[in-house]
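Just below is one structure, and these are the notes that go with it.
In my numbering, the protein residues as written are 68 to 742.
See below:
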């Protein structure tokens with residue numbers, strides 16, 4: 068029996084291909100374009116409120132409809148502040164990190180207020196959110212209607228309507244620990260706050276410190292696996308293109324153990340209703356518009372494809388030996404600009420205001436008031452339309468993709484601390500880039516600690532500046548949801564406001580990493596000569612980590628305390644003189660000799676700064692203290708600080724004429740010497 072031949076595969080003729088293409092498009096395009104139209108309406112309406120912008124899925128509110136979010140994530144803009152309601156309590160949304168599905172919130176009824184109308188504990192919806200253990204937030208307990216036999220307490224406060232013999236007070240910790248012996252209270256409230264603020268409240272028990280702690284808020288996270296319920300047409304990587312009410316039933320996935328699903332009406336058992344009980348149905352008129360637009364797009368696409376195929380066929384027939392390369396030259400490559408745009412959109416709600424270059428010129432009155440200049444560009448004084456005085460840093464024009472510029476915008480946008488400079492806006496207009504900061508009338512710290520400084524600060528002010536910078540670095544390393552390593556701590560990057568409160572600035576070299584990531588991957592050396600940790604120069608001294616910032620801080624504190632100007636010395640002398648041995652010997656011997664004697668408090672402060680500085684510049688990064696420990700040493704007594712070991716010199720001998728102030732040239736010279 069003869070075997071039947073295999074049937075020939077159908078190979079359509081060239082003139083039949085457009086017909087087959089039309090059939091395929093007719094099947095797939097209506098549903099595709101219907102979904103895309105629905106998603107595009109979401110992407111065109113991100114929620115915006117005050118300075119927080121580009122808030123997208125799962126949030127909705129304002130002009131952003133419910134179909135673009137989840138019912139439990141409605142935001143209401145109240146006086147320029149986005150508000151979120153959870154368990155019948157209103158919360159101020161202060162930050163949103165879409166990359167980690169986290170947000171920082173603070174209770175509205177305790178905002179600048181210690182006496183809420185209702186005494187309700189802080190609760191969140193466990194079906195949607197969970198507390199973030201990695202943030203190390205602590206609880207503060209407010210006690211109301213209390214009686215005490217201990218007299219006046221430093222932590223007590225009064226509310227309207229209090230009786231003559233009743234008081235209210237606060238304690239750090241949970242309510243289970245109680246208000247203290249001899250004190251009985253009728254009501255209490257537990258509120259989570261930032262752990263740094265809670266620790267400060269332990270030492271400084273005042274109403275202002277309490278209000279400041281309550282204002283820091285706490286971090287929560289929405290369940291990450293809610294994205295498994297999105298339809299295949301949803302693109303979570305494009306802001307705003309996700310929503311509910313999408314087409315087509317999907318097979319119900321199995322939710323993670325213990326995590327309730329966030330359901331979409333596409334497969335929910337009941338139709339979606341708003342808070343008033345009214346149901347949302349697409350109107351017939353709207354459906355006709357969608358159908359008409361879809362058919363129009365299909366027609367245009369088919370005509371375009373048919374013309375393209377016809378012209379290509381004619382061209383091949385005329386030139387059968389000609390290779391047609393579809394990847395030939397076209398529009399200029401705009402990868403760099405697109406890279407910048409993508410980074411900005413990833414930090415949507417955290418991104419400051421974006422200005423046009425024409426607006427920057429208007430703010431600075433055509434750059435007529437110059438404050439300073441450096442290798443990065445120039446700084447000008449400006450005034451915003453609301454009258455706020457600002458400093459505008461205009462960067463030198465470049466054709467690069469702006470990664471360092473965007474790195475600074477992204478890093479500062481994640482911060483909110485009294486010792487971190489406040490970035491109010493930025494400009495990215497082709498190759499023109501500018502950063503808009505709050506104005507610092509006292510400029511930078513190097514104006515007061517360099518050898519050419521005309522004005523010297525008293526030692527107490529220098530001590531407060533050193534403590535403020537330490538708290539700012541502690542916040543960057545442990546207080547943010549994502550650890551930020553600055554990599555360029557030096558006096559020039561410490562700005563001073565009218566009260567000489569320090570602000571850490573210039574995050575162009577900063578690197579973001581997870582808190583558990585102890586070793587960082589850093590491409591090449593970075594920083595400023597004289598303040599760079601040894602492990603950045605050579606990996607023989609261990610891996611690069613946040614302890615590199617500790618080293619730079621220590622060198623700066625030594626300069627503030629009266630050691631020679633580190634940066635100037637490093638740029639003009641051999642690297643073996645970059646750390647003065649004699650200062651160590653003189654200071655350590657003097658401190659050891661006089662610790663038990665009665666010495667002036669001002670000298671005490673200076674010796675404390677020297678000791679902290681020497682601890683911070685230990686060559687082995689594991690021997691350096693954390694910034695939290697540095698803050699503890701600065702705030703503690705001189706007697707509690709142990710004498711640090713003498714740091715050993717690490718750099719090979721480099722003759723004065725061979726040394727270059729340029730970091731890249733110096734590193735290249737060292738590598739040649741080693742090989």
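A virtual CB, placed ideally from N, CA and C, is assigned to each residue, including glycine. Keep in mind it's a predicted model, so treat the numbers as computed, not measured.
In the DSSP output, which residue or residues are listed as bridge partners for residue 682? Here residue 682 corresponds to residue number 615 of the chain shown, with the count starting at 1. Within the DSSP secondary-structure output, residue 682 pairs in no beta bridge.
Simplified DSSP state of residue 289, which is helix, strand or coil: Residue numbering aside, residue 289 sits at position 222 when the chain shown is read from its first letter. Of the three classes helix, strand and coil, the one that applies to residue 289 here is strand, per DSSP.
Expressed to the nearest angstrom, what Euclidean distance is found between the alpha-carbon atoms of residue 556 and residue 625? Looking up residue 556 in the chain shown gives position 489. Looking up residue 625 in the chain shown gives position 558. Using only the alpha carbons, I get a separation of about 13 Å.
Judging by CA-CA distance, which residue of 186, 524, 684, 155 is the nearest neighbour of residue 597? Counting from one through the chain shown, the residue named residue 597 turns up at place 530. The option with the nearest alpha carbon to residue 597 is 684.
Residue 63 - DSSP class collapsed to helix/strand/coil: With the chain covering 68 to 742 only, the question about residue 63 has no answer from this structure.
Note down, one range per segment and in chain order, each alpha helix (DSSP H) of at least 4 residues found wholly within the region 444 to 526. 470 to 480, 513 to 516
Does the beta-carbon of residue 188 have 16 or more other beta-carbons within 10 angstroms, so that it is buried, or is it exposed? For the purposes of this step, residue 188 is identified with residue 121 of the chain shown, where counting begins at 1. By the 10 Å Cβ count, residue 188 comes out exposed.
Just mark residue 236 as buried or exposed, buried being the case when its beta carbon has 16 or more other beta carbons within 10 Å. Residue numbering aside, residue 236 sits at position 169 when the chain shown is read from its first letter. By the neighbour-count rule (16 or more Cβ atoms within 10 Å), residue 236 is buried.
Look up residue 440 in the DSSP assignment and give the residues it is bridged to. In the chain shown, counting from the first residue as 1, residue 440 sits at position 373. Beta-bridge pairing links residue 440 to 445.
Looking only at C-alpha atoms, which of 530, 481, 142, 119 sits nearest to residue 567? As a working mapping, residue 567 is identified with position 500 in the chain shown. Closest in C-alpha terms to residue 567, from the list 530, 481, 142, 119, comes 530.
Which value, in whole angstroms, describes the spacing of the CA atoms of residue 500 and residue 443? Numbered from 1 along the chain shown, position 433 holds the residue referred to as residue 500. Numbered from 1 along the chain shown, position 376 holds the residue referred to as residue 443. Whole-angstrom Cα-Cα distance: 11 Å.
Distance CB(residue 422)-CB(residue 359) smaller than 9 Å: Translated into positions along the chain shown, residue 422 becomes position 355. Translated into positions along the chain shown, residue 359 becomes position 292. Taking 9 Å as the Cβ cut-off, residue 422 and residue 359 do not qualify as a contacting pair.
As a quick exercise: from 546, 221, 459, 484, pick the residue whose alpha carbon is nearest that of residue 569. Here residue 569 refers to the residue found at position 502 of the chain shown. The shortest C-alpha separation from residue 569 is found at 484.
Roughly how many angstroms separate the alpha carbons of residue 571 and residue 562, rounded to a whole number? Position 504 of the chain shown holds residue 571. Position 495 of the chain shown holds residue 562. Residue 571 and residue 562: Cα-Cα distance of roughly 6 Å.
Which residues does DSSP list as the beta-bridge partners of residue 162? Your numbering for residue 162 matches position 95 in the chain shown. DSSP output for residue 162 lists 171 as bridge partner(s).
With DSSP as the reference, identify every bridge partner of residue 369, one or two as the case may be. Within the chain shown, residue 369 is the residue found at index 302, counting from 1. Answer is none; residue 369 lacks a bridge partner.
Measure from the C-beta of residue 181 to each C-beta in chain B and report whether the shortest distance is under 9 Å. In summary, chain B is missing from the structure at hand, where a single protein chain is found.
Check whether the region 265 to 285 touches the region 205 to 222, taking contact to mean three or more Cβ pairs, one atom from each stretch, closer than 8 Å. Under the 8 Å Cβ criterion, the region 265 to 285 counts as touching the region 205 to 222, having at least three qualifying pairs.
Spatial distance of residue 534 from residue 694 (CA atoms): Position 467 of the chain shown, counted from the start, is the residue given in the question as residue 534. Position 627 of the chain shown, counted from the start, is the residue given in the question as residue 694. Each residue's alpha carbon lies about 10 Å from the other.
Any idea what DSSP makes of residue 376, helix, strand or coil? Within the chain shown, numbered from 1, the residue matching residue 376 stands at position 309. Residue 376 falls in the helix class under three-state DSSP.
Since residue 177 and residue 281 should fall inside the 8 Å C-beta cutoff, what is the C-beta to C-beta distance between them, to a whole number of angstroms? In the chain shown, the residue the question calls residue 177 occupies position 110. In the chain shown, the residue the question calls residue 281 occupies position 214. Their Cβ separation, rounded to whole angstroms, is 5 Å, which keeps residue 177 and residue 281 in contact under 8 Å.
Residue 194 versus 436, 121, 153, residue with shortest Cα-Cα distance: The count along the chain shown starts at 1 and reaches residue 194 at position 127. When only C-alpha atoms are compared, the closest one is 153.
Relative to the alpha-carbon of residue 494, which residue among 699, 435, 612, 504 has its alpha-carbon at the smallest distance? In the chain shown, counting from the first residue as 1, residue 494 sits at position 427. The residue from 699, 435, 612, 504 with its alpha-carbon nearest to that of residue 494 is 504.
Residue 137 versus residue 126 - alpha carbon distance: The sequence position of residue 137 within the chain shown is 70, counting from 1. The sequence position of residue 126 within the chain shown is 59, counting from 1. Computed Cα separation, rounded: 6 Å.
Assuming residue 459 and residue 431 form a contact by the criterion Cβ under 8 Å, report the distance between their Cβ atoms to the nearest whole angstrom. Residue 459 sits at position 392 when you count from the first residue of the chain shown. Residue 431 sits at position 364 when you count from the first residue of the chain shown. With 8 Å as the limit, residue 459 and residue 431 qualify as a contact, their Cβ atoms being about 5 Å apart.
Do the CB positions of residue 536 and residue 524 come within less than 9 Å of each other? If you number the chain shown from 1, residue 536 lands on position 469. If you number the chain shown from 1, residue 524 lands on position 457. It is not a contact, given that the beta carbons lie outside the stated cut-off.
Helix, strand or coil: how does DSSP classify residue 570 here? Taking the first residue of the chain shown as 1, we reach residue 570 at position 503. For residue 570, the secondary structure class from DSSP, reduced to helix, strand or coil, is strand.
With a 10 Å radius around its C-beta and 16 neighbouring C-beta atoms as the bar for buried, classify residue 672 as buried or exposed. For this step, residue 672 is matched to residue 605 along the chain shown. When all chains shown are included, residue 672 counts as buried.
Pairwise C-alpha distance: residue 172 and residue 227: Along the chain shown, read from residue 1 onward, the residue named residue 227 stands at position 160. Along the chain shown, read from residue 1 onward, the residue named residue 172 stands at position 105. Each residue's alpha carbon lies about 27 Å from the other.
Could you check whether residue 160 and residue 119 sit closer than 9 Å to each other, using their CB atoms as the reference points? Walking along the chain shown from the start, residue 119 turns up at place 52. Walking along the chain shown from the start, residue 160 turns up at place 93. In contact: residue 119 and residue 160 (Cβ atoms closer than 9 Å).
Starting from residue 427, trace the beta strand (DSSP E) in both directions and tell me its first and last residue. As a first step, residue 427 is located in the chain shown; it is residue number 360 there, counting from the start. That residue, residue 427, is in no beta strand (DSSP E); its alpha helix (DSSP H) goes 424 to 430.
8 Å Cβ shell around residue 528 - same chain, five flanking residues per side excluded: What you label residue 528 is simply residue 461 of the chain shown in a count that begins at 1. Correct list, in chain order: 567.
Quick one: which unbroken beta strand (DSSP E) runs of 3-plus residues sit fully inside the region 177 to 219? Chain order, please. 196 to 198, 205 to 215
Unbroken alpha helix (DSSP H) runs of length 4 or more, entirely within the region 525 to 557: which are they? 526 to 541
Which runs of the alpha helix (DSSP H), 4 residues or longer, sit entirely within the region 247 to 289? 262 to 270, 274 to 283
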